[in-house]
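Trainee: No gaps in the numbering here: position 207 of the sequence shown is 207 in my numbering, and each next residue is one more.
Here a beta-carbon is modelled for each residue, glycine too, at the ideal position from N, C-alpha and C.
Since this is a predicted model, take the numbers as computed values, not measurements.
My questions all concern the structure below.
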Amino acid sequence: MNELEKNTGAETEMQEMTGKTKKEKKRKRGRTAQGSGRRKKRLPLFIAAALAAVFIGYSMVSSALAKNTPMPVNTVAAARGDVEETVSASGRVNSEQSRTYYAPVDAVIAEMNISLGDVVKEGQQLVVFDTSGLEAQKTKADLDASASANSYRSAQYQSDRNQSEYNEAVVGLDELRTLAANQEQYVQGLKYQLEDDIQDKKEDLQDWLNKLNLELEIQNAKLSEAGSEESRDRAQEVIRNLNESIRNTTNEISDLSMSEEMKEKQRLIDAEQKKLDDMKEEISRREGKESSSEAGIADPYAKQQQADAMRSAQLAADEAAEALARGQEGVKAQFDGIVTRIATMSSSANASAGGGLPEGATVSEGTELFTIESNRQVKVDISVTKYDLPRIAVGQKADITIADREYEGEVTRINRVASSNSQGSPVVGAEVHIKNPDPDIFLGVEAQVLIHTNAAKDVIVLPAEIVNTDRNGDFCYVVEDGVVVMRRIVTGISSDTMVEVTEGLREGDQVVYDMTGTVTEGMNVTAVPEVSAGETQPAETQPEAAPAVETQPEAAPAGETQSEAVPEAETQPEAAPAEETQTETGRTEEA
Numbered sequence: 001m002n003e004l005e006k007n008t009g010a011e012t013e014m015q016e017m018t019g020k021t022k023k024e025k026k027r028k029r030g031r032t033a034q035g036s037g038r039r040k041k042r043l044p045l046f047i048a049a050a051l052a053a054v055f056i057g058y059s060m061v062s063s064a065l066a067k068n069t070p071m072p073v074n075t076v077a078a079a080r081g082d083v084e085e086t087v088s089a090s091g092r093v094n095s096e097q098s099r100t101y102y103a104p105v106d107a108v109i110a111e112m113n114i115s116l117g118d119v120v121k122e123g124q125q126l127v128v129f130d131t132s133g134l135e136a137q138k139t140k141a142d143l144d145a146s147a148s149a150n151s152y153r154s155a156q157y158q159s160d161r162n163q164s165e166y167n168e169a170v171v172g173l174d175e176l177r178t179l180a181a182n183q184e185q186y187v188q189g190l191k192y193q194l195e196d197d198i199q200d201k202k203e204d205l206q207d208w209l210n211k212l213n214l215e216l217e218i219q220n221a222k223l224s225e226a227g228s229e230e231s232r233d234r235a236q237e238v239i240r241n242l243n244e245s246i247r248n249t250t251n252e253i254s255d256l257s258m259s260e261e262m263k264e265k266q267r268l269i270d271a272e273q274k275k276l277d278d279m280k281e282e283i284s285r286r287e288g289k290e291s292s293s294e295a296g297i298a299d300p301y302a303k304q305q306q307a308d309a310m311r312s313a314q315l316a317a318d319e320a321a322e323a324l325a326r327g328q329e330g331v332k333a334q335f336d337g338i339v340t341r342i343a344t345m346s347s348s349a350n351a352s353a354g355g356g357l358p359e360g361a362t363v364s365e366g367t368e369l370f371t372i373e374s375n376r377q378v379k380v381d382i383s384v385t386k387y388d389l390p391r392i393a394v395g396q397k398a399d400i401t402i403a404d405r406e407y408e409g410e411v412t413r414i415n416r417v418a419s420s421n422s423q424g425s426p427v428v429g430a431e432v433h434i435k436n437p438d439p440d441i442f443l444g445v446e447a448q449v450l451i452h453t454n455a456a457k458d459v460i461v462l463p464a465e466i467v468n469t470d471r472n473g474d475f476c477y478v479v480e481d482g483v484v485v486m487r488r489i490v491t492g493i494s495s496d497t498m499v500e501v502t503e504g505l506r507e508g509d510q511v512v513y514d515m516t517g518t519v520t521e522g523m524n525v526t527a528v529p530e531v532s533a534g535e536t537q538p539a540e541t542q543p544e545a546a547p548a549v550e551t552q553p554e555a556a557p558a559g560e561t562q563s564e565a566v567p568e569a570e571t572q573p574e575a576a577p578a579e580e581t582q583t584e585t586g587r588t589e590e591a
């Protein structure tokens with residue numbers, strides 16, 4: 001008992017000396033920091049030796065006492081709270097609606113009064129053209145279209161007329177040719193019949209004539225043999241009759257075609273021949289008209305060609321009219337926005353520097369004029385690393401800060417192709433739409449974006465700096481029955497300051513806040529609870545956690561008592577932040 005009191009008295013004396021020495025050191029450091037240019041004085045050797053002796057003695061006594069005294073450690077009670085997971089990024093403000101304007105016609109610029117950076121309104125007149133050339137082109141195109149249309153109509157009229165004549169000529173022509181052929185056969189038959197009748201009649205008369213001549217010879221013979229005058233007279237009378245008959249028969253044979261019978265047949269033949277001649281004449285006339293009119297009938301391809309030519313001329317006239325209308329309208333702004341690019345005469349490469357096309361310049365249709373980007377439909381283009389990519393999604397809300405002004409945003413697009421940033425690392429582009437833009441937004445400026453990716457309400461949370469990770473997962477150290485125990489945990493979402501614990505902890509568990517120094521797993525400790533994690537460190541704010549080293553300024557010897565292990569705050573050296581201490585603890589545990 002006496003020895004214990006002696007040890008306690010010696011320990012108290014050493015503690016007071018140590019406290020005084022540390023206070024003296026602190027005052028000297030303060031004087032050194034506040035001195036304006038004065039050199040720091042070195043401590044005499046005897047003072048240094050005395051301090052070393054005091055420290056060694058203090059350590060020996062503390063080590064002896066600490067063997068039987070639990071070390072106090074700061075703990076945080078696992079508590080329920082809210083945690084929100086966010087992704088921070090920076091990007092540039094760009095427009096979601098951009099339009100490059102081109103010259104709508106070949107014309108001369110009469111007016112163009114815009115400059116780079118100008119704010120324009122929807123419907124504002126930006127360019128006025130000189131349309132005198134376009135008006136002349138329209139007049140000429142109208143005349144060409146009219147001439148082509150008249151030519152087409154005239155050709156169609158002639159073709160239709162020839163078609164009508166051709167149709168008239170060929171209607172019944174084949175039947176008429178058939179009738180004429182039949183008529184010709186009929187007339188030829190009549191002629192053949194007349195010739196046959198004449199031949200038959202002629203043969204009959206010739207036979208009769210031959211008989212008369214034979215009888216005449218007989219009678220002449222009788223006359224020469226007649227003995228009496230009477231016989232001679234009778235014979236001569238017969239001979240005279242025979243000669244008369246022979247003359248009549250001969251004359252009848254000669255004038256056989258002039259007989260009434262034959263004349264009647266010839267008149268019939270002449271009448272039918274006249275019909276045949278009329279038919280042939282009609283056929284000839286129709287064939288002539290058929291041939292001449294057929295040559296004037298336009299074939300379908302020629303008609304199509306003429307129609308195409310007319311339509312082409314009309315299209316040219318319509319285009320000229322439209323070009324004139326476009327030229328008269330000029331160029332107007334399609335939406336509110338800012339002029340972000342103006343083309344130049346020589347090249348559009350320097351368009352962003354201003355310049356522009358001068359008034360009086362002739363431009364061709366399609367020549368680039370300028371670009372306008374909307375300042376009402378705007379977005380922030382950001383780049384997302386592979387670590388944040390799984391956490392963002394289209395539709396997530398965002399807070400956007402542009403030049404100290406706050407805006408509401410929403411993720412509207414995530415690229416499916418990565419690109420490399422300035423450091424060569426792959427990043428994925430994303431677009432955040434600004435939902436409430438105002439006239440104070442400037443295109444191209446930098447913006448800060450905070451994307452709200454996930455949130456959990458009324459869950460067990462811990463400060464992020466006391467959650468450790470190794471190859472097997474996440475863990476922390478808890479005090480169970482006065483002993484430091486490593487506890488495996490399963491984490492959920494996390495913010496910059498807080499981590500959701502889904503498995504491994506119960507509400508109220510005391511989690512060691514600092515595992516630096518001599519605190520190790522299995523050590524007997526006394527928990528010194530701080531305010532619960534859910535109260536001191538909400539998910540949205542950075543906790544101001546006191547570093548654990550404030551309770552352990554130096555590695556406490558094994559014999560140090562609890563009262564000695566907690567010196568006054570003013571004697572504490574500058575402590576490393578809790579985050580660095582926690583990282584070291586994780587590395588120690590993992591090793």
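#1: Are the CB atoms of Ile-114 and Phe-370 nearer to each other than 8 Å?
#2: Under 8 Å between the Cβ atoms of Arg-391 and Val-87?
#3: Which residues in the same chain as Gln-273 place their Cβ atom closer than 8 Å to its Cβ, once the five residues preceding and following it in sequence are excluded?
#4: So Gln-219 and Ile-239 are supposed to be a Cβ contact under 8 Å. How far apart are they, rounded?
#5: Thinking just about the alpha-carbon of each residue, which of Ala-235, Ser-231 and Glu-229 is nearest to the one in Glu-217?
#6: Count the other CB atoms, across all protein chains shown, that sit within 10 Å of the CB of Ile-506; report buried if there are 16 or more and exposed otherwise.
#7: Rounded to the nearest angstrom, what separates Met-515 and Glu-431 at their Cα positions?
#8: For the 8 Å Cβ check, are there 3 or more pairs between the stretch 416 to 436 and the stretch 486 to 500?
#9: May I ask you to list the residues that DSSP assigns as paired with Met-498?
#10: Is it buried or exposed for Glu-465, if we count other Cβ within 10 angstroms and need 16 for buried?
#11: Going by other Cβ atoms of all chains shown within 10 Å of its Cβ, with 16 needed for buried, is Arg-341 buried or exposed?
#12: Indicate whether Val-478 and Val-512 have their beta-carbon atoms separated by less than 8 Å.
#13: Would you list the residues sitting across from Thr-371 in a DSSP beta bridge?
#14: What is the rounded straight-line gap between the Cα of Lys-28 and the Cα of Pro-72?
#15: Return the bridge partner residues of Gln-510 from the DSSP annotation.
#16: In this structure, what does DSSP give as the bridge partners for Glu-215?
#17: For Glu-85, which residues does DSSP report across the bridge?
#18: If you drop the 5 nearest sequence neighbours on each side, which residues of the same chain put their C-beta closer than 6 Å to that of Gln-314?
#19: Give the straight-line distance between the Cα atoms of Ile-600 and Ala-141, rounded to the nearest whole angstrom.
#20: The beta strand (DSSP E) with Tyr-166 in it runs from where to where?
#21: From Ser-98, Ala-78, Glu-122 and Ser-95, pick the residue whose C-alpha is nearest to that of Val-331; which is it?
#22: For Asp-174, does the count of other Cβ atoms within 10 angstroms reach 16, so buried, or fall short, so exposed?
#23: For a minimum of 4 consecutive residues, which ranges assigned as the alpha helix (DSSP H) are wholly contained in the stretch 215 to 296?
#24: Just to confirm before moving on: does the CB-CB distance between Val-119 and Pro-463 stay below 8 Å?
#25: Does the beta carbon of Val-170 sit closer than 8 Å to a beta carbon anywhere in chain B?
#26: Within 10 Å of its beta-carbon, does Pro-300 have 16 or more other beta-carbons around it, so buried, or fewer, so exposed?
#27: Between the stretch 447 to 460 and the stretch 89 to 106, are three or more C-beta pairs nearer than 8 Å?
#28: What is the DSSP secondary structure of Thr-178, counted as helix, strand or coil?
#29: Return the chain-ordered list of same chain residues with a C-beta closer than 6 Å to the C-beta of Gln-306, the five sequence neighbours on each side being excluded.
#30: Measuring straight from C-alpha to C-alpha, what distance separates Pro-439 and Lys-397?
#31: For Lys-41, which residues in the same chain have their Cβ closer than 7 Å to its Cβ, ignoring the five residues on either side in sequence?
#32: Where DSSP assigns a beta bridge to Lys-397, which residues make up the other side?
#33: With DSSP collapsed to three states, give me the class of Ser-312.
#34: Using the C-alpha atoms, what's the distance from Ser-383 back to Ser-422?
#35: Count the other CB atoms within 10 Å of the CB of Ser-254; is the residue buried (16 or more) or exposed (fewer)?
Mentor: Quick look at the numbers:
#1: yes
#2: yes
#3: Val-187
#4: 5 Å
#5: Ala-235
#6: Reading off the sequence, residue 506 comes out as Arg, not Ile. Per the 10 Å Cβ criterion, exposed.
#7: 43 Å
#8: no
#9: Pro-463
#10: buried
#11: buried
#12: yes
#13: Thr-100 and Arg-341
#14: The predicted position of Lys-28 is uncertain, since its pLDDT is 39 and thus under 50; a value taken from the coordinates is nonetheless stated next. So the alpha carbons of these two residues sit roughly 30 Å apart.
#15: Ala-77
#16: Paired residue(s): none; Glu-215 is not in a bridge.
#17: Asn-454
#18: Ala-145
#19: Outside the shown range of the chain, which is 1 to 591, sits residue 600, and nothing can be said about it.
#20: Looking at the DSSP string, Tyr-166 is not in any beta strand (DSSP E); the run it does join, the alpha helix (DSSP H), is 132 to 170.
#21: Glu-122
#22: exposed
#23: 229 to 254 and 260 to 295
#24: no
#25: The displayed structure is made up of one protein chain only, and chain B is not part of it.
#26: exposed
#27: yes
#28: helix
#29: Tyr-152 and Ala-155
#30: 22 Å
#31: Low confidence applies to Lys-41: its pLDDT is 42, below 50, so where it sits in the model is not reliable, and the reading given next is rough at best. Same-chain partners within the cutoff: there are none.
#32: Glu-410
#33: helix
#34: 11 Å
#35: exposed
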